[in-house]
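Those protein sequences? They're chains E and C, same order as listed.
When you read off a place in the first sequence, starting at 1, and then add 22, the result is the number in the numbering used here.
When you read off a place in the second sequence, starting at 1, and then add 22, the result is the number in the numbering used here.
Structure first, then comments.
Number of protein chains: 2
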Amino acid sequence: MVPYMKRKVIPIGTVSELTGLTVRQIRYYEERKLVTPERTTGNTRKYSFEDVEALVEIANKMEDGMQTTEILKMRKKETREREVDQKKIREELIKGQLNVQFHRNQLPFK
Amino acid sequence: MVPYMKRKVIPIGTVSELTGLTVRQIRYYEERKLVTPERTTGNTRKYSFEDVEALVEIANKMEDGMQTTEILKMRKKETREREVDQKKIREELIKGQLNVQFHRNQLPFK
DNA sequence: CGTGTAAGGAATTCTGACACG
DNA sequence: CGTGTAAGGAATTCTGACACG
C-alpha cells in the first residue's frame, strides 16, 4: 500500500500550479485522452503525481509543436514496445533456467 | 525531486476520506499542533501523504484514549530518541574509520 | 486545433461560535 | 477535552458555448 504516485488526490488547481499549465489546458488534454483523472462524489477532478508528471511531458511536446493526436500515438507505441521488451525478458529468463537444468543433469556428482 | 510523500497537495475533504476522520477532527488536530498543513493562496489547507499517515496514527492513539497533548509529547520524545540514535551511528562510523587507519599503518606492505 | 473567457451553478472549504458531555 | 453543527462568506471547480487564429 504505498503507490503514492498513483493515488488520485490532487485537485486541478494544484495540478495547474505544479505543471504550469492552465486548468483549461489540463481539461482539454483529458478530453483528448491524454490524462484520465478520477472524480470525487461532487464531480471534481482528482489527479495523481503520475498524472502530473505525464502532463509535464505533454507540455514539453506541445511546446515542440506536437499535436495531441501525435502525442497519443507516440505514447501507445511506447507502451507496445515496452510490452515486447518485457516479453523478451521473460523468454530469456526461461531459456536461462532451462540451461541450468540441462547442465545440472550433465554434472558427474549429480 | 521525488519526495511525493512530503508534497502538500491534498485537500482536506480527500484527507478525510483517506483517513476516515471528519474535517472537524482534522482541523482540531492542527489546532493542537499534531499536523501542519500548508495553505493555498485562497487559504485552503493542503496536506501531504506523510500528513495522512500521521493522522491515521493519531486516530489510533485517540481510539486508545490518549489525549492530544500526550500524543504530542510522545512524538517529541520519539524524535529526540531518533536524533540520539543518529548521533551514535555517526560516532561509531568515525570510530570505525579511525580503526581502519590504524591497522593500515600497522601493515608491513604499508 | 488549442486555448481564452464570461456565465451560471454546484461543491468545497474557511472561521468563529454555541452545544454537549 | 474532543467533536458536532448551523451560519455566512469566500474560493474552487464544473459544463457548455462563443471567440480567435
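Glycine included, every Cβ here is placed at the ideal spot set by N, Cα and C.
Residues that residue i bridges to, as DSSP identifies them
i         : result
E/Arg-104 : The partner list for E/Arg-104 (beta bridge, DSSP) is empty, contrary to what the question assumes.
C/Lys-68  : C/Pro-33, C/Glu-60
Cβ neighbours of residue i in the same chain (closer than 7 Å, five flanking residues each side left out)
i         : result
C/Lys-132 : A caution first: C/Lys-132 carries a pLDDT of 45, below 50, which makes its placement in the model unreliable, though a value can still be read off. No residues qualify anywhere along the chain.
E/Lys-30  : Pro-59, Glu-60, Lys-68, Tyr-69, Ser-70
C/Met-43  : The amino acid at residue 43 of chain C is misidentified as Met; the sequence shows Leu. Closer than 7 Å at the Cβ level, and outside the excluded window around C/Leu-43, lie Leu-77, Ala-81.
C/Arg-112 : none
E/Gln-47  : none
CA-to-CA distance, residue j to residue i, given in whole angstroms
i         : j         : result
E/Val-106 : C/Glu-39  : 39 Å
E/Gln-89  : E/Thr-101 : 19 Å
C/Gly-64  : E/Tyr-50  : 24 Å
E/Leu-120 : E/Tyr-26  : 38 Å
E/Gly-118 : E/Arg-104 : 21 Å
E/Thr-91  : E/Val-45  : 20 Å
E/Glu-85  : C/Arg-97  : 48 Å
E/Ile-34  : E/Glu-114 : 44 Å
E/Glu-52  : C/Ile-116 : 54 Å
E/Thr-66  : C/Thr-66  : 16 Å
C/Arg-54  : C/Lys-95  : 12 Å
C/Lys-99  : C/Gly-87  : 19 Å
E/Glu-79  : C/Glu-79  : 36 Å
Same chain only: Cβ atoms within 8 Å of residue i, ignoring 5 sequence neighbours per side
i        : result
C/Val-74 : Ile-32, Val-37, Leu-40, Thr-41
C/Thr-62 : Lys-68
Beta-carbon proximity of residue i to residue j, cut-off 8 Å
i        : j        : result
E/Val-57 : E/Ala-76 : yes
C/Ile-93 : C/Lys-83 : yes
Residues of its chain near residue i, where Cβ-Cβ distance is below 6 Å and the 5 sequence neighbours each way are ignored
i        : result
C/Glu-72 : Met-27, Lys-28
Anything in the segment 66–88 of chain C with a Cβ closer than 8 Å to a Cβ of chain E? List those residues in chain order, please.
Lys-68, Phe-71
Chain E contacts from the segment 88–120 of chain C (Cβ-Cβ distance under 8 Å)
none
Tell me which residues of the segment 44–63 of chain C have at least one Cβ-Cβ distance to chain E shorter than 8 Å, keeping chain order.
Thr-62
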